[in-house]
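2 protein chains.
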Amino acid sequence: MNLTPRFARLLATISAAAMTATTSAAAPEPVTPSSILAAAPADDWMAINPHDLLVIDLAGGGRVVIQLADVFAPVHVANMRKLAAAHWYDGLAIERVQDNYVVQWGDPDGKKPLPGEIVKAPPAEYDRAAGGLAFTPLPYPDTFAKAVGLSGGLPVGEADGRAWLTHCYGMVGVGRDLNPDTGTGAELYAVIGTPPRALDRNIAVVGRVLVGMDILAALPRGTAEMGFYADPKQRLAIARVRLASDLPPTEQPHAQVLRDTSATFAAWIQAKANRQDTFFVRPAGALDICNALPPIKGAARVGM
Amino acid sequence: MNLTPRFARLLATISAAAMTATTSAAAPEPVTPSSILAAAPADDWMAINPHDLLVIDLAGGGRVVIQLADVFAPVHVANMRKLAAAHWYDGLAIERVQDNYVVQWGDPDGKKPLPGEIVKAPPAEYDRAAGGLAFTPLPYPDTFAKAVGLSGGLPVGEADGRAWLTHCYGMVGVGRDLNPDTGTGAELYAVIGTPPRALDRNIAVVGRVLVGMDILAALPRGTAEMGFYADPKQRLAIARVRLASDLPPTEQPHAQVLRDTSATFAAWIQAKANRQDTFFVRPAGALDICNALPPIKGAARVGM
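Chains as they are written, first to last, in my numbering: chain A, 114 to 417; chain B, 114 to 417.
Here it is, written out as structure tokens:
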């Protein structure tokens with residue numbers, strides 16, 4: 114994974130210049146987010162329990178892997194596990210892609226009956242008690258929350274004794290109709306643009322896409338209202354959805370997430386907020402929660 | 114443009130429910146960002162001077178329109194106007210798409226000589242004096258700047274007497290090599306993911322994409338280092354780049370931007386920070402600068 118934010122006009126030029134600088138001046142290499150990750154001990158990377166990974170195989174061969182967040186939305190996530198076990202999601206489709214907002218998938222025509230064991234009206238799992246939650250705080254102010262940080266690898270906001278998952282790029286939520294409906298988990302979306310933080314505490318957030326954002330975010334935008342595809346033929350079919358634990362070992366994903374409790378993560382946050390890379394002339398001195406999501410090893414490369 | 118953040122499980126269901134509610138309870142319609150825009154007087158929308166619009170026509174028919182920001186990066190923007198007038202950009206290509214970061218275009222092989230009138234080493238127009246700048250502040254805290262707000266329709270950060278354009282979704286910057294190089298404007302990028310605010314004050318930001326983000330952000334991600342396309346055949350060719358003022362009237366774009374100094378804009382900001390739409394159970398009470406970019410009329414629909 115490359116986290117360097119350089120904007121190469123010509124990659125060959127940059128490489129040559131860097132090599133020359135190293136050779137002639139023998140200046141020490143600056144500590145960068147990339148160099149910190151490259152030096153991370155193996156134990157600082159965690160494999161997610163396969164029971165907590167939802168694997169979506171798309172028509173055409175693309176794969177999306179979602180880390181589930183029972184700690185924040187237990188009833189909704191339990192529904193999703195049951196829907197996967199019942200193979201209920203198989204044959205559904207991605208039906209909506211709204212630029213700078215969300216990609217959404219589920220049952221476009223709303224006609225497929227839900228299995229009997231699904232909780233049809235889950236509680237509003239939009240936030241939870243902050244007490245008892247693991248929390249690695251970020252030492253920077255946030256526009257929306259009293260504090261922000263990481264918990265189990267996921268981005269969290271906190272205020273007044275409540276905690277919630279924040280709507281960052283790649284976070285997954287449960288589609289719902291108007292209040293007091295909370296959705297069931299049959300209809301899901303992932304954020305593909307500017308963090309829509311106004312949705313925080315208004316929707317059940319159920320996890321994070323670890324693998325496959327490069328596929329979801331690159332889908333053609335829908336031209337109907339709210340980014341729905343105008344023509345059903347534009348939808349992308351979902352071939353199969355399973356918990357990783359229900360897949361044969363050879364088909365299980367292997368992405369690893371940097372532990373947010375590790376020394377490597379702390380150093381990475383510090384380096385991202387205070388960039389020493391040669392490119393930067395003025396380090397920001399701060400970092401926002403949506404640029405602090407733990408790096409993933411074994412997925413496609415992502416932004417800085 | 115639809116700004117409603119509802120997540121429909123079934124559009125027909127929502128519409129039916131809304132009609133029933135209106136008919137039976139006769140409740141007043143809530144004031145929403147959408148209703149405010151729908152009621153905006155024509156004078157609150159501004160057409161951008163065609164001399165300040167860079168129009169990129171892509172191979173295959175897609176069009177990208179960029180509002181130029183002379184006030185922040187005059188030398189770089191002047192270079193861009195000269196490159197467009199010289200037809201220098203024609204035949205170049207989109208060469209890099211890095212998920213959750215940037216799409217970048219220019220001269221992939223770095224071989225095309227620049228016209229003689231180009232300033233080859235512009236000053237570091239990364240920020241400017243805050244004095245004398247029109248500024249509509251947002252009354253909410255920011256992680257990076259002392260204050261944030263809008264100026265001429267563009268998102269601005271301010272601290273210690275300096276002001277700069279912030280890296281939000283759709284903002285355009287000048288690719289450069291390592292410091293002290295500042296780039297010329299020959300190589301450009303647009304943000305397609307989480308705002309990479311660490312780049313603020315480290316790069317010349319030259320404008321905002323008003324039209325065509327739905328095209329740029331949906332391009333296939335590159336698989337080589339930093340999201341460059343591994344195979345030159347994957348690049349998307351740029352057919353023609355012109356100032357709108359140099360196009361025949363029939364080919365000029367017509368997007369309009371909501372004036373950030375208008376009463377409509379103030380009401381829209383207020384409504385976005387304090388959502389009264391039936392969907393919301395807990396308004397955020399705040400708004401971040403990258404969700405406060407002035408709405409555009411005549412472009413593809415965008416997120417909330």
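Even for Gly, the Cβ is constructed at its ideal location relative to N, Cα and C.
### Query
What residues from chain A crowd round M332/B, counting only those whose CB sits closer than 7 Å?
Per the sequence shown, residue 332/B should be read as Leu rather than Met. Correct list: A331.
### Positions along the stretch 386 to 409 of chain A whose CB lies within less than 7 Å of some CB in chain B
Along the stretch 386 to 409 of chain A, the positions whose C-beta sits under 7 Å from a C-beta of chain B are R388, T391, F392, F393, V394, R395, A397, A399, D401, C403, N404, read in chain order.
#### Entry: Length of the line joining the Cα atoms of P228/A and D220/A
One C-alpha to the other measures close to 14 Å.
### Query
Which residues in chain A sit within 8 Å of R176/B, going by Cβ to Cβ distance?
Residues of chain A with a Cβ closer than 8 Å to the Cβ of R176/B do not exist; the shortest Cβ-Cβ separation is about 14 Å.
### Task
Please list the residues of the stretch 250 to 266 of chain B that have a C-beta atom closer than 8 Å to any C-beta atom in chain C, keeping them in chain order.
Here chain C cannot be found, since the structure's protein chains are A and B.
### Query
Got a sec: is the Cβ-Cβ distance from A197/B to anything in chain A below 7 Å?
So, not an interface residue.
### Message
Can you tell me whether F257/B is helix, strand or coil according to DSSP?
### Response
For F257/B, the three-state secondary structure derived from DSSP is coil.
#### Entry: Alpha carbon of P163/B to alpha carbon of E300/A, nearest angstrom
Going by C-alpha positions, P163/B is about 43 Å away from E300/A.
### Task
With a threshold of 16 other CB atoms inside 10 Å of the CB of P408/B, please say whether the residue is buried or exposed.
Looking at its Cβ environment, which holds 16 or more other Cβ atoms inside 10 Å, P408/B is buried.
### Query
Which one of A182/B, R209/B, Y253/B, D203/B has the shortest CA to CA distance from E238/B?
Taking each of A182/B, R209/B, Y253/B, D203/B in turn and checking the Cα distance to E238/B, the smallest one comes out for A182/B.
### Coarse secondary structure for D170/A, derived from DSSP in three states
It is a strand residue.
### First and last residue of the uninterrupted beta strand (DSSP E) at I316/A
Run containing I316/A: none; DSSP gives neither H nor E here.
### Query
Under 7 Å between the Cβ atoms of V285/A and A258/A?
For V285/A and A258/A, no; Cβs fall outside 7 Å.
### Task
Note the first and the last residue of the continuous alpha helix (DSSP H) segment covering W381/A.
W381/A -> alpha helix (DSSP H) spans 376 to 386.
### Message
In chain order, what are the residue ranges of uninterrupted beta strand (DSSP E) at least 3 long that sit wholly in the stretch 183 to 226 of chain A?
### Response
Runs of the beta strand (DSSP E) inside the stretch 183 to 226 of chain A: 206 to 211, 215 to 219.
### Message
Relative to the C-alpha of T249/B, which candidate in V177/B, D273/B, L263/B, N404/B has its C-alpha closest?
### Response
In terms of CA proximity to T249/B, L263/B leads the group V177/B, D273/B, L263/B, N404/B.
### Query
What residue range is occupied by the uninterrupted beta strand (DSSP E) comprising L267/A?
For L267/A, the uninterrupted beta strand (DSSP E) run begins and ends at 267 to 272, by DSSP.
### Task
Please confirm if Y342/B has its CB atom under 7 Å from at least one CB of chain A.
Under the Cβ criterion of 7 Å, Y342/B is not counted among the residues facing chain A.
### Task
Drop a sphere of 10 angstroms on the beta-carbon of T363/B, count the other beta-carbons inside from all chains shown, and report buried for 16 or more, exposed for fewer.
That one is exposed.
### Message
For a quick check, are the C-beta atoms of A352/B and P366/B less than 7 Å apart?
### Response
It is not a contact, given that the beta carbons lie outside the stated cut-off.
### Identity of the residues DSSP links to L349/A by a beta bridge
For L349/A, which the question treats as bridged, DSSP gives the partners I207/A.
### Task
Name, please, each residue of chain B whose Cβ falls closer than 7 Å to the Cβ of T145/A.
The premise fails here: T145/A is roughly 12 Å from chain B at the closest Cβ pair, so nothing lies under 7 Å.
### Query
Would you say A311/A reaches chain B, if we count a Cβ-Cβ gap shorter than 7 Å as a contact?
Yes, A311/A lies at the interface with chain B (some Cβ there is under 7 Å from its Cβ).
### Task
Taking only the alpha-carbon atoms, compute the straight-line gap between K195/B and G298/B and give it to the nearest angstrom.
Between K195/B and G298/B, the C-alpha separation is close to 10 Å.
### Message
Please report whether the beta-carbon of T136/A lies at a distance below 7 Å from any beta-carbon of chain B.
### Response
Reliability fails at T136/A, whose pLDDT of 45 lies under 50, so the model's placement of it is uncertain and the value that follows must be treated cautiously. So no, T136/A is outside the interface.
### Query
Of all the options W158/B, G288/B, L166/B, P236/B, which has the alpha carbon lying nearest to the alpha carbon of W218/B?
W218/B has its Cα closest to that of G288/B, out of W158/B, G288/B, L166/B, P236/B.
### Within chain A, the residues that G411/B reaches when beta carbons sit closer than 9 Å
Here the premise fails: no neighbours, minimum Cβ distance about 15 Å.
### Query
What is the rounded straight-line gap between the Cα of E271/A and the Cα of F378/A?
Spanning the two alpha carbons is a distance of roughly 20 Å.
### Message
With the cut-off set at 7 Å, would you say M159/A and V370/A are in Cβ contact?
### Response
Their beta carbons are under 7 Å apart, which means M159/A touches V370/A by this criterion.
### Task
State yes or no: is the beta carbon of Y202/B nearer than 7 Å to at least one beta carbon in chain A?
Not flagged as an interface residue toward chain A: Y202/B, since no C-beta distance is shorter than 7 Å.
### Task
Please classify A343/B: is it buried, with 16 or more other beta-carbons within 10 angstroms of its beta-carbon, or exposed?
With fewer than 16 other Cβ atoms within 10 Å, it is exposed.
### Proximity test, Cβ basis, 7 Å: L291/B and chain A
L291/B counts as touching chain A.
### Within chain A, partners of P308/B - CB distance below 9 Å
P308/B reaches chain A at T307, P308, D401, C403, N404, counting residues in chain order whose Cβ is nearer than 9 Å.
### Task
Grab the span of the beta strand (DSSP E) containing L301/A for me, first residue to last.
Note, L301/A: beta strand (DSSP E), 301 to 304.
### Query
Relative to the alpha-carbon of P252/B, which residue among G173/B, S148/B, K385/B has its alpha-carbon at the smallest distance?
For the residues G173/B, S148/B, K385/B, the minimum Cα distance to P252/B belongs to K385/B.
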